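Colleague: Structure provided below as structure tokens; questions to follow.
Residue numbers (this note's numbering): -7 to 235.
Given below as structure tokens:
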């Protein structure tokens, strides 16, 4: 891990790329990990975030996302979130690119966060576009209500990118731009299989930067990483104590 500290100290532009694994340390289920949503037999994870299915039955999303999307006010950032915010404050980290939709990076204090898969902080009417806050929708969801627009009566959707939707072009372009500028990219808690976000680290490699991968499962880019670790908690406890 001293090698990682050396890379961090020598880097002039460090960017973090985070997946669901960083939030399991904060008690939030990931998707493809050993205890992830895709391993559960009581729900169909593909249906929860399917745009086609949401249009047909929005209640399926709101019922099954209730426990891990609409209780985020009760969740606190984990050690990775806190340390990334500290590194940014020290100017040792320039930005965070995240696949996560749990709002924990901003809650920890990170300022420059690019949410490539969107965010539930904002919801909108799919017909008239009226905007609703996370708190407004969470209140309805916890009453077991499917939220409909007060203006036109159409269904309200979170500003999360569902399967079948294109990623936000502005956020995606910014993420690729940040990764291309990085001479060090820390990839954490991601299996790097969900495209196109999983291609973002390639921009760092193609522009001569280095990858450090910290994940408890293999990734397609392990063989191209300068350093490879499996335990996020162990790595960031070391960073917290020594950087």
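Where is the CB? At the ideal position from N, CA and C, for every residue including glycine.
Here the structure is a predicted model, which is why all the values come from computation and not from measurement.
#1: What residue does the alpha helix (DSSP H) around residue 55 start on, and which one ends it?
#2: Any contact between the region 72 to 86 and the region 137 to 155? By contact I mean 3 or more CB pairs, one from each, below 8 angstroms.
#3: Cα-Cα, which of 201, 180, 193 and 64 is closest to residue 208?
#4: With C-beta atoms as the reference, is residue 157 less than 8 angstroms away from residue 43?
#5: Indicate the three-state DSSP secondary structure (helix, strand or coil) for residue 117 in the structure shown.
#6: Can you tell me whether residue 103 is helix, strand or coil according to DSSP?
#7: Identify the continuous beta strand (DSSP E) that holds residue 4 and give its terminal residues.
#8: Rank 162, 174 and 214 by C-alpha distance to the C-alpha of residue 185 and give the top, closest one.
#9: If you count every other CB in all the chains shown that lies within 10 Å of the CB of residue 75, and 16 or more means buried, which is it?
#10: Taking the continuous alpha helix (DSSP H) assigned at residue 192, which residues delimit it?
#11: Let me know if residue 95 comes out buried or exposed under the rule of 16 or more other beta-carbons within 10 Å of its beta-carbon.
#12: Is DSSP giving residue 41 helix, strand or coil here?
#13: By how many angstroms is the C-alpha of residue 127 removed from the C-alpha of residue 228?
#14: How far does the alpha helix (DSSP H) with residue 79 in it reach, from first residue to last?
#15: Can you say whether residue -2 is buried or exposed, counting buried as having 16 or more other CB atoms within 10 angstroms of its CB?
#16: Whole angstroms is fine: what's the gap from residue 69's alpha carbon to residue 154's?
#17: Alpha carbon to alpha carbon, how far is residue 19 from residue 67? Give it in angstroms, no decimals.
#18: Using CA atoms only, rank isn't needed, just tell me which of 108, 221 and 196 is closest to residue 187.
#19: Which whole-angstrom value is the C-beta distance of residue 71 and residue 53, which I expect to be below 8 angstroms?
Modeller: Let me spell this out:
#1: 50 to 56
#2: no
#3: For residue 208, the nearest C-alpha among the options comes from 180.
#4: yes
#5: strand
#6: coil
#7: No beta strand (DSSP E) holds residue 4; DSSP gives it neither H nor E.
#8: 214
#9: buried
#10: 192 to 198
#11: With 16 or more other Cβ atoms within 10 Å, it is buried.
#12: The three-state reading of DSSP puts residue 41 in coil, since its state is none of H, G, I, E or B.
#13: 31 angstroms
#14: 71 to 81
#15: exposed
#16: Distance between the alpha carbons of residue 69 and residue 154 is about 24 angstroms.
#17: 8 angstroms
#18: Comparing Cα positions, the closest option is 108.
#19: About 30 angstroms separates the two Cβ atoms, so there is no contact after all.
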